[in-house]
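Residue numbers are given in my numbering: position 10 of the sequence shown equals residue 77, and the series is strictly consecutive.
A virtual CB, placed ideally from N, CA and C, is assigned to each residue, including glycine.
Have a look at the structure below before the remarks.
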Amino acid sequence: MAARTRFEIEQEAQAFLSSLVESSDDSIIGESLGGIITTWNKGAEKLFGYTPEEIIGQPVRTLIPPDKYAEEEIIFARMRRGERSQHIETVRLTKDGRRLDVLLTVSPVRDKKGRLIGASKIIHDITDRKEVEKSLLAYAHALQRSNQELDDFAYIVSHDLKEPLRGLQSFSQFLLEDYADKLDDEGKRKLRTMVDLSKRLETLLDNLLYYSRLGRTEMAVLQTDLNDVIQDILGMLSISLKEKNVVVEIIQPLPTVQCDRVRIGEVFQNLITNAIKYCDKGCNRVQIGYVTDHPRAPGENVFYIRDQGIGINEKDMDAIFKIFKRLHPRDAYGGGTGSGLAICKKIITQHGGEIWAESLGEGKGATFFFTIPQQKSKPLTLPF
Ligand code: ADP
Numbered sequence: 068m069a070a071r072t073r074f075e076i077e078q079e080a081q082a083f084l085s086s087l088v089e090s091s092d093d094s095i096i097g098e099s100l101g102g103i104i105t106t107w108n109k110g111a112e113k114l115f116g117y118t119p120e121e122i123i124g125q126p127v128r129t130l131i132p133p134d135k136y137a138e139e140e141i142i143f144a145r146m147r148r149g150e151r152s153q154h155i156e157t158v159r160l161t162k163d164g165r166r167l168d169v170l171l172t173v174s175p176v177r178d179k180k181g182r183l184i185g186a187s188k189i190i191h192d193i194t195d196r197k198e199v200e201k202s203l204l205a206y207a208h209a210l211q212r213s214n215q216e217l218d219d220f221a222y223i224v225s226h227d228l229k230e231p232l233r234g235l236q237s238f239s240q241f242l243l244e245d246y247a248d249k250l251d252d253e254g255k256r257k258l259r260t261m262v263d264l265s266k267r268l269e270t271l272l273d274n275l276l277y278y279s280r281l282g283r284t285e286m287a288v289l290q291t292d293l294n295d296v297i298q299d300i301l302g303m304l305s306i307s308l309k310e311k312n313v314v315v316e317i318i319q320p321l322p323t324v325q326c327d328r329v330r331i332g333e334v335f336q337n338l339i340t341n342a343i344k345y346c347d348k349g350c351n352r353v354q355i356g357y358v359t360d361h362p363r364a365p366g367e368n369v370f371y372i373r374d375q376g377i378g379i380n381e382k383d384m385d386a387i388f389k390i391f392k393r394l395h396p397r398d399a400y401g402g403g404t405g406s407g408l409a410i411c412k413k414i415i416t417q418h419g420g421e422i423w424a425e426s427l428g429e430g431k432g433a434t435f436f437f438t439i440p441q442q443k444s445k446p447l448t449l450p451f
């Protein structure tokens, strides 16, 4: 078979390219340096509704809504400088006047001698994607509003209930002090129980107030060295660590991350305190570290606090993160209100992360994991 000439090879390549352009679902159009449409594929016909006969020779502005003229000028100027504009989210107009959300890529086209002769434009319809994005956004806003309302409600209720409660507390205290000789032992015991219960109610209201306040105040997100955070907490907990003879082992240096230092410190503190607290005997080691290959969040830094304590039953793994949920009698394991883990969950959720617990079962220790997702850099777009 005779060797093909350079001309034949070029012609074949040309035919191949033309068929690619013609069969593409995306709309691919050519534009001259004067802003006139020069080529129009089937995808463009389907998307915009114009036949090639109707549109070729017309200004490219036919497809552009007036509010996007300024943007088009910038794209055009870039093209004239020989620069490409890639993946620009914008709007185009169809023949029947509908606005389409599209992704636009504009590449300069040169002739064989390298002279700029115009541009090719690939226009990808993203209307469906934008619709889904819009409804997701609306849903997220509604959810945010309803969470905000719940926080406001919890804040007002807990705040306003504190005042009558204080009245009850002081009056039962007066009764105990001023009327002690008029009450028998049973009466005094009942009154003391009343004082204790109202103190507990005050603590619960304080916790609820704090929990709702977390949702009402802005976070202060900064680069934070988690090693410093842990050192501060261990300093604060040093007495209780010594008393309980607990050794805290930092498995590896922790990274510096973008987070609200105070709130993330609170998460570590709650989890370390629980690790020390929920332990019967012989559990004197708490490990702190992070992994990057946890199946629940592969590739992310997953921080953990592991203890050798009483462990958690599989069926309670979700319940423990609910506010005021305790798995034990009120005063067992040093007592508590059951709000620490709910606060941790709220803080981690505010950071866009997840928190969960794992345990091999009762008596076999527990590990609490959480993530603090870091902002990924945004794709490059034109400055408009
Ligand atoms: P509190 O400690 O005040 O009860 P938390 O919200 O911190 O409140 O914890 C909720 C419940 O989860 C605890 O009452 C306990 O039953 C369980 N829990 C928390 N941490 C651990 C742990 N490290 N090991 C076993 N159980 C735990």
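{"query": "Residue closest to Phe435, alpha-carbon to alpha-carbon, out of Phe391, Val353 and Arg212", "result": "Val353"}
{"query": "Short Cβ contact (7 Å threshold) for Tyr117 with Lys162", "result": "yes"}
{"query": "As assigned by DSSP and simplified to three states, the class of Thr129", "result": "helix"}
{"query": "Proximity below 7 Å, CB of Leu170 to CB of His191", "result": "yes"}
{"query": "Residues near Ile193 in its chain [Cβ-Cβ closer than 8 Å; skip 5 each side]", "result": "Glu156, Asp168, Val169 and Leu170"}
{"query": "The beta strand (DSSP E) enclosing Glu425, as first and last residue numbers", "result": "Ile422 to Ser426"}
{"query": "Option nearest Ala364 by Cα separation, candidates Pro440, Ser91 and Phe238", "result": "Pro440"}
{"query": "Rounded distance between the beta-carbons of Glu269 and Leu50, thought under 8 Å", "result": "No answer is possible for residue 50: it lies beyond the span of the chain, which begins at 68 and ends at 451."}
{"query": "Cβ-Cβ separation, Asp134 to Gly110 (assumed contact under 8 Å), whole Å", "result": "Going by Cβ atoms, the distance from Gly110 to Asp134 rounds to 25 Å, so no, they are not a contact pair."}
{"query": "CA-to-CA distance, Ser85 to Ser99, given in whole angstroms", "result": "18 Å"}
{"query": "Ala433 beta carbon near the ligand ADP (any heavy atom closer than 6 Å)", "result": "yes"}
{"query": "Distance, Thr323 Cα to Thr291 Cα", "result": "5 Å"}
{"query": "Where His208 falls, given that 16 or more other Cβ within 10 Å makes a residue buried", "result": "exposed"}
{"query": "Closer than 6 Å: Asp374 CB and nearest the ligand ADP heavy atom", "result": "yes"}
{"query": "Presumed contact (8 Å Cβ cut-off) between Ile372 and Ile355, rounded CB distance", "result": "6 Å"}
{"query": "Close-in-space but distant-in-sequence residues of the same chain around Glu367 (CB under 8 Å, 5 per side omitted)", "result": "Thr359, His361, Thr438 and Pro440"}
{"query": "Ile318 versus Val369 - alpha carbon distance", "result": "13 Å"}
{"query": "The stretch 263 to 277 / the stretch 219 to 236 touching (three or more Cβ pairs under 8 Å)", "result": "yes"}
{"query": "Beta-carbon proximity check, Leu281 vs Lys413, cutoff 7 Å", "result": "yes"}
{"query": "Neighbour-count burial assignment, Asn108, 16 or more Cβ in a 10 Å radius", "result": "buried"}
{"query": "Three CB pairs or more closer than 8 Å across the stretch 245 to 253 and the stretch 380 to 397", "result": "no"}
{"query": "Ala186: first and last residue of the uninterrupted beta strand (DSSP E) it sits in", "result": "Leu183 to Asp192"}
{"query": "Classification of Glu310 by the beta-carbon crowding that lies within 10 angstroms, buried from 16 upward", "result": "exposed"}
{"query": "Complete beta strand (DSSP E) runs within the stretch 270 to 332 (minimum length 3 residues, chain order)", "result": "288 to 292, 314 to 317 and 323 to 327"}
{"query": "Glu98, DSSP secondary structure in three states", "result": "strand"}
{"query": "Distance cut-off 6 Å: Arg145 Cβ against heavy atoms of the ligand ADP", "result": "no"}
{"query": "Collapsed DSSP secondary structure at Thr438 in the structure displayed", "result": "strand"}
{"query": "Span of the alpha helix (DSSP H) around Pro119", "result": "Pro119 to Ile122"}
{"query": "Closest Cα partner of Leu114 within the set Ile96, Gly102 and Gly124", "result": "Ile96"}
{"query": "Stretch-stretch touch, CB-based, cutoff 8 Å, three pairs: the stretch 416 to 427 with the stretch 296 to 312", "result": "no"}
{"query": "heavy atom of the ligand ADP below 6 Å from Arg352 C-beta", "result": "no"}
{"query": "Contact belief for Ile30 with Ile339 at Cβ below 8 Å, rounded distance in angstroms", "result": "Residue 30 falls outside the range modelled here, since the chain spans only 68 to 451, and no answer is possible."}
{"query": "DSSP state of Phe241 mapped onto helix, strand, coil", "result": "helix"}
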